[in-house]
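Notes to accompany the following structure.
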Amino acid sequence: MRFLFMTDIHANREALDATLAVCGALGADRMVILGDLVGYGPDPVYVVERVSRLIEDGAICVMGNHDEAAVTGSAGMTPNAKLAIEWTSRQLGPAHLELLQHLPVSVEEEDRIYVHASAHEPHKWHYMSSVDAAERCLAHTASRLVFCGHTHRPACFHALPGQAARSFLPIPEKPIPISAARRAVLVVGSVGQPRDGNSAACFAVYDDSERTVIYHRVPYSADITLRKIKDAGLPEWLGLRLLVGR
Amino acid sequence: MAEIKQGDVLDGFELIEKMASGGMGSLWRARHHGVSYPLVLKLPFLDAGRDVSTIVGYEVEEMIMKRLNGPHVPRFAGSGDLAKIPFIAMEFVEGKTLADAMTVLPLTAAKVAELAILIAAALSSLNGQLVSHLDLKPENIFLTSRGAVFIDFGLARHAELPDLLAEESDVPMGTPAYISPEQVLGDRSGPTSDIFSLGCILYEMATGEKPFGEPSGKAGMERRLYHPAKPPRMINAAVPRWLQEVILKCLEVDPARRYLSAGNLLADLKHPEQVHLTDRGNRDTAPSLATRLFNRFVRKPALVSRIRAGTASMPSGPSIILAAVDTSDGAGALADEVRMEVARLLFSRQDARLACLTVLKTKLIGEDELEDRAGHSVYINRLVELKHWAEPLALPEERVSFHVIESFDVSKAILNYAANNDVGHIVMGARGSSALRRHLGSVSAQVVAEALCSVSVVRVRRIEEEAAERLQPAQTSVSSST
Chain A
2 MRFLFMTDIH ANREALDATL AVCGALGADR MVILGDLVGY GPDPVYVVER VSRLIEDGAI
62 CVMGNHDEAA VTGSAGMTPN AKLAIEWTSR QLGPAHLELL QHLPVSVEEE DRIYVHASAH
122 EPHKWHYMSS VDAAERCLAH TASRLVFCGH THRPACFHAL PGQAARSFLP IPEKPIPISA
182 ARRAVLVVGS VGQPRDGNSA ACFAVYDDSE RTVIYHRVPY SADITLRKIK DAGLPEWLGL
242 RLLVGR
Chain B
2 MAEIKQGDVL DGFELIEKMA SGGMGSLWRA RHHGVSYPLV LKLPFLDAGR DVSTIVGYEV
62 EEMIMKRLNG PHVPRFAGSG DLAKIPFIAM EFVEGKTLAD AMTVLPLTAA KVAELAILIA
122 AALSSLNGQL VSHLDLKPEN IFLTSRGAVF IDFGLARHAE LPDLLAEESD VPMGTPAYIS
182 PEQVLGDRSG PTSDIFSLGC ILYEMATGEK PFGEPSGKAG MERRLYHPAK PPRMINAAVP
242 RWLQEVILKC LEVDPARRYL SAGNLLADLK HPEQVHLTDR GNRDTAPSLA TRLFNRFVRK
302 PALVSRIRAG TASMPSGPSI ILAAVDTSDG AGALADEVRM EVARLLFSRQ DARLACLTVL
362 KTKLIGEDEL EDRAGHSVYI NRLVELKHWA EPLALPEERV SFHVIESFDV SKAILNYAAN
422 NDVGHIVMGA RGSSALRRHL GSVSAQVVAE ALCSVSVVRV RRIEEEAAER LQPAQTSVSS
482 ST
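Protein sequences, first through last, are from chains A and B. Convert by adding 1 to the 1-based position in the first sequence; the result is the number in the working numbering. Convert by adding 1 to the 1-based position in the second sequence; the result is the number in the working numbering.
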């Protein structure tokens, strides 16, 4: 089976549509969305409704910290994120908030766990940005493979059971082998706000018979998103960063 | 895991006979109804208590063999799931190992060169697939009817895949007699580690001695960082200077001073007369105590920090560029344009070598005029013209070579040279003249169609326009009459 992972869409309609167009052509068996449908971007209603339809069609979706904040408030966020999430909450109707509120924090399936940030205290939204964080994550789940997002930077951490973990920077479009003996944390890069210096949307495909993960990149018209961000009165930096992928 | 025995069938692979096996796993001759070539199955020992490196070695070999192609590696036939019964099924390579060819040493220089060409060609193919073997030694190299074939990829590294062995242990991984200095320091990313190992093998073939002995501990292996090998000619005076130059260049401690690609090494091996001799080839004494002390306390720390800083990476662009130059009719503008294109390519990769080729067109049958009226050899004239053509590039001797080839088929001669010398990019001119195009213009078309590498065909707008004009008059008269 082939599993397709998207994460951190962040209300970016252009990035989501471009990604879904490519995903459609790949014909994966199962789609998993790893949270943060909203926040930062100018199209929260569109994205929530689009994801809602994907869920109806069988996709799995877990909750991200911005999804939670849209419902419960923005305590602890950076000023830009806070401004954006307050704006987002005003755009969303009760049905949208209802959907976000009821997203599960994590989902386990066979030897895999899907979570927004880390399997270690999922609700604390720890960033998976070091080998140590990956080891803590693996220590807190029995699943062999962890798929997550939250950092907006693609990364792969892998380890033999009981051994130290190592990191590998995925190369776009090159399959990464993950042998059956190995555990791994696969951090999927962001669809709607990549921060690894590559402005193209990122998604990943795991093939459980080949035992490989491929990170794909999809270019999209970020200048349209930037204009919408300005028009909505959101901080301009939230749009400018899309152009450079930072 | 249950005991594996003769007659067992794993995923369709039937075990026929157990072969002598190593410490990491067992080897079986095998067959599969869908596979026409002879097979060997490698089953790692994964029972409890085994070193974790056995699993990692298996993972590495499986993921890399799966991705390798070509005549210089055993064909990959399949593998078992690590979650069930892990195995790697691959082609059983027929032939002798290089170790078998090295029972009586030293070998003659001609024999060393012959074997070295086979191995360098195989290494070029491997490195071209972004893989470093990292455990080259005579036992891991088979000499077969299709050239050298490398086996045992348990320590290998693929530049685009996770390195499962990086930082695996403090003990350097590899075979002490052949391991490169950067591997001794734990750096597996150097693209020329294999060239150093090949240098150790060539040294051994040419002298009968291993350049750094067979040290056991890490300190002993580190010695090669500051204590250079004795010049081969001190051990065996029959080693020609060019071969010593080649061997010692492979054995440079600083990766930046080594051959930067197997293709460049191959070019030297194939053209000994064009090997640029330096102090390396002429050296006839062991390094003095002062040099050794300097190396140990000044050069080594600098090298170590450079290697640790990870400055090494796979160079991009072709390592050998072939310029097919037609100097026969003083084709000035076109030859100039070809040279400019070559200069642009050479600029993008500072270690790339240029092979300048001109084809001396001979008739199929009969006597050819190999001397001009003044009695000068046509061959020599061409060589002089070729060197003159390359002069403005101001390339150091070791970056350029010159070849005048006699052939009645110009494109075949260019194609053969490119295929046999690991050329990564051909640059040649196309002629606009309609009269000539019938004879020569088709040369570039055929090269473009059949070359295994990139080809740049250079045109000069003015020449093209003039040629077009020569074709025009007839057509113009037709159109003006209507």
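Here a beta-carbon is modelled for each residue, glycine too, at the ideal position from N, C-alpha and C. Computed from a predicted structure; not experimentally measured.
In terms of DSSP beta bridges, what is residue i paired with?
i      : result
L187/A : F148/A, C157/A
W29/B  : K19/B, L42/B
C357/B : A324/B, F403/B
M341/B : DSSP lists no partner for M341/B.
Y216/A : A205/A
R167/A : H159/A
G28/A  : DSSP output for G28/A lists no bridge partner at all.
T104/B : Note: T104/B sits in no beta bridge, so no partner.
L5/A   : M32/A, V206/A
G148/B : T145/B
Starting from residue i, trace the alpha helix (DSSP H) both ways and give me its first and last residue.
i      : result
D269/B : 263 to 271
I427/B : No alpha helix (DSSP H) holds I427/B; the beta strand (DSSP E) holding it covers 426 to 430.
Y418/B : 411 to 421
S90/A  : 80 to 92
V39/A  : From DSSP, V39/A is part of no alpha helix (DSSP H); its letter is neither H nor E.
Give the straight-line distance between the Cα atoms of residue i and residue j, rounded to the nearest whole angstrom.
i      : j      : result
A167/B : V106/A : 35 Å
D209/A : S180/A : 10 Å
I321/B : A60/A  : 51 Å
P393/B : P212/B : 40 Å
R284/B : V150/B : 33 Å
L361/B : V188/A : 60 Å
P87/B  : P139/B : 27 Å
R300/B : L294/B : 9 Å
E50/A  : H159/A : 35 Å
S314/B : I172/A : Note that S314/B scores a pLDDT of 49, beneath 50, so its modelled location is shaky and nothing firm can be said.
L186/B : P216/B : 15 Å
F204/A : L21/A  : 10 Å
D101/B : P39/B  : 21 Å
I5/B   : A84/B  : 16 Å
A239/B : E451/B : 42 Å
L239/A : V53/B  : 47 Å
L165/B : V57/B  : 7 Å
S481/B : V448/B : Here S481/B scores only 43 on pLDDT, less than 50, and its place in the model should not be relied on; the value that follows carries that caveat. Distance between the alpha carbons of S481/B and V448/B: 39 Å.
G79/B  : L99/B  : 26 Å
R471/B : G430/B : 20 Å
R183/A : S37/B  : 33 Å
H97/A  : S90/A  : 10 Å
C62/A  : V48/A  : 13 Å
L304/B : D255/B : 7 Å
F403/B : L387/B : 7 Å
Q102/A : G13/B  : 51 Å
R242/A : A16/A  : 14 Å
Y179/B : N66/A  : 54 Å
S457/B : R345/B : 12 Å
E95/B  : R137/A : 49 Å
A120/A : V186/A : 10 Å
L139/A : R145/A : 8 Å
Taking residue i and residue j to be in contact with their CB atoms under 8 Å, please state how far apart those CB atoms are, rounded to whole angstroms.
i      : j      : result
H159/B : S126/B : Contact flag wrong, Cβ pair sits at about 14 Å.
S191/A : A223/A : Incorrect: roughly 12 Å between the Cβ atoms, too far for contact.
M64/B  : L162/B : 6 Å
S194/B : L135/B : 6 Å
R32/B  : E15/B  : 5 Å
T328/B : T363/B : About 16 Å separates the two Cβ atoms, so there is no contact after all.
R225/B : P182/B : 6 Å
S27/B  : L44/B  : 5 Å
E246/B : T208/B : In fact, because the Cβ distance is near 15 Å, the residues do not count as touching under 8 Å.
A325/B : I415/B : 5 Å
Could you spell out where the beta strand (DSSP E) holding residue i opens and where it closes?
i      : result
F495/B : Chain B is shown from 2 up to 483; residue 495/B falls before or after that span and cannot be answered.
S378/B : Per DSSP, S378/B belongs to no beta strand (DSSP E) and is neither H nor E.
S80/B  : 77 to 80
A90/B  : 89 to 92
M66/B  : Where M66/B is concerned, there is no enclosing beta strand (DSSP E), although the alpha helix (DSSP H) it sits in stretches over 53 to 68.
S107/A : 107 to 110
Y115/A : 113 to 116
To test your reading of the DSSP string, which unbroken beta strand (DSSP E) runs of 3 or more residues are found completely within the segment 190 to 244 of chain B? none
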